[in-house]
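Encoded as structure tokens, the structure appears first; notes follow it.
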Amino acid sequence: MVQAEKIRNLAIIAHIDHGKTTLIDSIFKAAQIFRKGAHIEERVMDSNELERERGITIRAKHCTVEWNGYLINIIDTPGHADFSGEVERVLSTVDSVLLLVDANEGPMPQTRYVLMRALAMGLRPIVFINKVDRPHANPMSALNQTFDLFIELGAAEEQLDFPVLYGSGLDGWAVRDLNKYAHEGMKHLFETIAEYVPAPKVNLHAPFLMQVSTLAWNEYTGRIGCGKVLQGTLRKGENFIRYSTKWKKPNLRGEEWEICDEEQTRSVKMWVTRGLERQEVEEISAGDIVWISGPQEINIGDTFCSPELEGKTLPPLAIEEPTVSMFFLVNTGPFSGQEGQPITLRQLKARLEREKHVNVALRVEDIGRPDGVKVSGRGELHLSILIEEMRREGLEFCVSKPEVITREEDGRTFEPMEDLTIDVPEEYQGVVFEKLSRRKARLVSMDNTQTGLVRLSFQIPTRGLIGYRGEFLTDTRGLGIMNTVFAGYGPWVGTISPRNRGSLVSLDTGEATSYQLENLQERGTLFIEPGELVYEGMIVGENSRPGDMPCNPTKKKQATNHRSATKDLTTKLDVPRKMSLEKAMEWIAEEELVEVTPQSVRMRKAVLDYQERRKSTKKAS
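Under the UniProt record's numbering, the residues of the sequence shown are numbered 1 to 621, in order.
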């Protein structure tokens with residue numbers, strides 16, 4: 001067992017894509033936790049298939065390295081705004097943070113958020129200026145901007161006296177001075193962690209106490225709680241008490257809280273992290289970050305304590321409130337069951353309940369619909385990742401258009417707002433201003449980065465961002481970068497104009513023909529190609545005008561004595577616009593759905609029958 005004074009607990013925090021996970025790869029190599037000659041994949045901490053594909057960290061992960069007798073617990077945190085609540089909870093388990101800043105981009109919106117939380121908790125950060133070897137890198141400018149951000153966020157004097165490292169997470173080196181030391185090895189990083197990260201302040205002889213900050217799930221053991229042991233020790237099989245708490249006044253956190261659930265239980269299994277793996281142990285002690293199973297129910301913020309501390313509880317941990325909701329529905333399309341496993345409403349509810357065991361920001365509401373449930377999450381990305389995971393499990397289902405969750409206070413409507421930061425080439429700033437003004441965005445600041453890019457900062461309602469990301473990439477030829485951070489709730493800003501183009505909707509079921517698609521592409525943009533199966537009510541393209549246009553993409557050309565069927569060989573078709581899951585979710589209108597299967601993403605009308613849609617439209621008018 002490692003003594004507490006030799007333990008170092010820290011989290012790596014940064015804006016998305018600033019190199020957290022890549023840096024950890026280099027730390028592993030420097031600490032030699034892999035055997036010599038072993039094949040090591042890049043971004044080894046991103047173990048989830050989706051994380052690897054998207055190049056982002058979705059859930060916080062723990063790892064441990066040993067260096068010169070020190071046990072260093074490192075937590076890799078998500079960088080995307082939709083998972084910022086998890087970052088905040090993780091910070092409650094560590095004693096310092098390693099703040100990564102891109103030497104080219106400098107501090108970004110998520111940098112501000114995670115640093116603000118770390119400073120508020122009294123943590124003293126270590127600043128790592130990353131990617132200093134990249135073209136256009138300006139380490140000193142990035143450092144100066146970071147120092148200004150510290151001052152702006154009200155950092156204390158001891159927090160302003162932060163150590164600085166420069167390096168490249170990709171190439172695996174870190175130094176205290178770029179000009180003084182050779183650009184090789186991670187020795188300076190380990191030395192800085194050992195020197196500046198305080199050892200956990202613990203009392204091994206006090207009764208056992210810890211708080212759950214992260215959850216895991218196992219089919220055999222149920223929920224597993226993870227957190228830092230604050231004091232004492234606990235052996236396998238020993239009894240302890242689990243308390244769940246909540247704020248008496250949720251809007252006034254920091255005041256009083258109360259116990260809402262209590263359970264007398266015992267430790268069934270316990271683990272510590274060594275390297276990348278969990279290692280089962282017989283005893284855990286203060287200062288270490290551990291995993292415990294045993295209680296029937298475990299929730300974020302639960303207090304685990306010895307019976308000697310009966311009634312002693314810790315303040316609840318914040319769980320981010322959902323801002324976006326959508327319906328998850330049973331697939332009723334004619335192709336149901338052909339590409340995956342169609343699920344009943346009962347099976348859909350069961351799958352979502354399992355997700356709630358570990359995805360604490362998720363809300364599932366049964367509002368009495370016979371075909372589905374309402375699911376709420378932190379943002380579009382949060383929900384789209386869940387949908388993608390479910391389709392990869394082989395499930396088929398439908399989802400509705402995302403909608404923001406509003407609040408009513410004193411007779412006024414409030415809606416979620418986002419701080420939006422955009423880096424865009426100067427020649428495209430005009431179209432960005434034009435599009436965002438229609439979406440009720442308010443310009444906060446505008447800066448020239450001296451690299452040919454203009455940095456624009458806006459405040460915009462969350463619903464103004466729905467459907468904009470894909471449009472933004474098109475408008476900027478893929479050269480623009482946009483980032484968002486949740487900024488709280490603000491007054492309702494009024495109506496935002498919906499999509500100004502309608503849908504091309506199939507009237508028939510069958511195989512799309514090149515003959516008919518050639519005619520249809522003159523009326524809009526196609527989403528399908530020849531030979532693709534379509535059904536009545538399926539959306540096959542975007543109309544060039546407002547309003548929907550019924551069409552028959554399956555119609556074949558009749559061969560006669562005057563026209564030869566071989567003329568199809570000269571058909572010229574445009575490349576169809578392939579809609580990804582995120583693009584489809586953004587594009588659909590209120591009365592439309594996205595059909596998700598393991599093989600396909602289709603868009604359809606909620607009511608498939610053309611005559612039924614006409615009747616419902618007449619009734620509504």
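Idealized CB from N, CA, C, for every residue including glycine. Given the structure is predicted, the values throughout are model-derived calculations rather than measurements.
When the alpha-carbon of Q599 is set against those of Q279, Q341, P163, the nearest one is in Q341. Judged by their CB atoms, P139 and Y166 are nearer to each other than the 9 angstroms cut-off.
In this structure, L23 lies near I12, with their beta-carbon atoms less than 9 angstroms apart. In this structure, the CA atom of T476 is about 11 angstroms from the CA atom of R469. At a cut-off of 3 residues, the continuous stretches assigned as beta strand (DSSP E) that sit fully inside the segment 321-366 are 324-329, 363-365. K20 is positioned such that its CB atom lies closer than 9 angstroms to that of T77. Between A103 and V324, the alpha-carbon positions lie close to 34 angstroms from each other. By the Cβ rule, the segment 226-237 counts as touching the segment 280-293, because three or more pairs are nearer than 8 angstroms. Going by C-alpha positions, E238 is about 11 angstroms away from C305. Rounded to whole angstroms, the Cβ separation of V114 and L178 is 25 angstroms, and the two are not in contact under 8 angstroms. About 7 angstroms separates the CB atoms of E297 and E263; that is less than 8 angstroms, so the two are in contact.
In this structure, DSSP gives M446 an extended state, which the three-state scheme calls strand. Looking from the CA of S244, the closest CA among L352, I300, S384 belongs to I300. S503: not part of any alpha helix (DSSP H); member of the beta strand (DSSP E) spanning 503-506, first to last residue. The Cβ atoms of T474 and T421 do not sit closer than 9 angstroms to each other. The beta carbon of D574 sits closer than 6 angstroms to those of Q521, all from its chain and outside the five residues before and after it, given in chain order. Leaving aside the five residues that flank A30 on each side, the residues in its chain whose CB is nearer than 6 angstroms to its CB run, in chain order, M186. N552 places its beta carbon less than 9 angstroms from that of L507. By the C-beta density criterion, E365 is exposed, having fewer than 16 other C-beta atoms within 10 angstroms.
Under DSSP, N500 takes part in no beta bridge, so it has no partner. Judged by their CB atoms, E595 and C398 are nearer to each other than the 9 angstroms cut-off. In the structure shown, the three-state DSSP call for F472 is helix. Taking C-beta separations shorter than 7 angstroms and ignoring five residues to either side along the sequence, the partners of I496 in its chain run R439, K440, R463, G464, following chain order.
The segment 388-438 is shown to contain whole alpha helix (DSSP H) runs of 4 or more residues at 429-438, in chain order. Counting only runs of 3 or more residues that sit fully inside the segment 119-182, the beta strand (DSSP E) segments are 126-130, 164-168, 173-175, in chain order. The beta strand (DSSP E) runs lying completely inside the segment 214-240 and spanning 3 residues or more are 214-218, 222-231, 233-235, given in chain order. Remark: C-beta atoms of K236 and M270 approach each other more closely than 9 angstroms. Contact annotation: G333 and Y535 have beta-carbon atoms nearer than 9 angstroms. Shown here for W67: same chain residues with a beta carbon closer than 7 angstroms to its own, the five before and five after excluded, namely A31, F190 in chain order. Residue pairing for Q459: DSSP places it in a beta bridge opposite D419, R442. If you compare the alpha carbons of L608, K201, I129, P546 with that of S141, the shortest gap goes to I129.
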